[in-house]
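Accompanying notes for the structure given below.
Residue numbers (my numbering): 1217 to 1426.
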């Protein structure tokens, strides 16, 4: 049912398209404005002088969130977007010749730590910490759409809110568990996908490792 209200969405990347679809599902009339010749944002290719360049995205996180968007429209995402997991997720090459794979299996990831002299138990403890942060973030941010510190405090209560490891940076949170530079660099890299630095981003962003 239409609400009779019009909405303009600027940009037809994944975020803009998702927002537009959600608004249509709620009954809004939506117009999308995109300056480029193609929709999709960085989910695109560039063809020039006989070469084809993949513009990204290089990873797809939280596919179940996108799946819900399709479900609310009575569709199945897998009918439109086949997703094939890649293992390892990616391979880290260091200047000293060391190669460390990022694997979704915690035990395999822990064993990768042996390559750089890291105690595998350190990685297991870090991944447990990451999973706990993810559960916290998922409960409020992803499921409820909370967006401000005030919203978070009100939703979680003071005790639970403090579990976000608020006094540390992302790097500082990881360094509590990971003792080698190689392994810290592996997990610090995640934040690059949102354009930040592990030395500035808050520790709860370590949830990205889960």
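For glycine and all other residues, C-beta sits at the position ideal for the given N, C-alpha and C.
Looking only at C-alpha atoms, which of the options sits nearest to residue i?
i            : options                : result
residue 1227 : 1352, 1240, 1243, 1252 : 1252
residue 1318 : 1311, 1345, 1302       : 1302
residue 1397 : 1261, 1283, 1259, 1333 : 1333
residue 1376 : 1262, 1268, 1356, 1425 : 1356
residue 1321 : 1372, 1283, 1304       : 1304
residue 1378 : 1365, 1388, 1387, 1390 : 1365
residue 1246 : 1223, 1234, 1263, 1257 : 1223
residue 1331 : 1315, 1254, 1256, 1337 : 1315
residue 1391 : 1415, 1409, 1358       : 1415
Could you give the DSSP three-state label for residue i: helix, strand or coil?
i            : result
residue 1181 : For the chain, the structure presents residues 1217 to 1426; residue 1181 sits outside this window and is missing.
residue 1222 : strand
residue 1310 : coil
residue 1407 : helix
residue 1280 : helix
residue 1305 : coil
residue 1393 : coil
residue 1318 : strand
residue 1295 : helix
residue 1270 : strand
residue 1362 : coil
residue 1333 : coil
residue 1290 : coil
residue 1400 : helix
From the DSSP output, read off the bridge partner residues of residue i.
i            : result
residue 1260 : According to DSSP, residue 1260 bridges with nothing at all.
residue 1385 : 1418
residue 1246 : 1223
Along the chain, where does the alpha helix (DSSP H) that runs through residue i open and close?
i            : result
residue 1370 : 1365-1377
residue 1340 : 1336-1353
residue 1324 : 1322-1328
residue 1240 : 1230-1241
Counting only beta-carbon atoms, is residue i nearer than 8 Å to chain D?
i            : result
residue 1240 : The structure shown contains no chain D; it holds only a single protein chain.
Check the C-beta distance from residue i over to residue j and give it rounded, since I have them as a contact under 8 Å.
i            : j            : result
residue 1273 : residue 1259 : 6 Å
residue 1285 : residue 1237 : 6 Å
residue 1347 : residue 1426 : 5 Å
residue 1374 : residue 1420 : Not confirmed; about 16 Å, so no contact.
residue 1307 : residue 1326 : Actually they are not in contact, since the Cβ atoms of residue 1307 and residue 1326 sit about 17 Å apart, beyond 8 Å.
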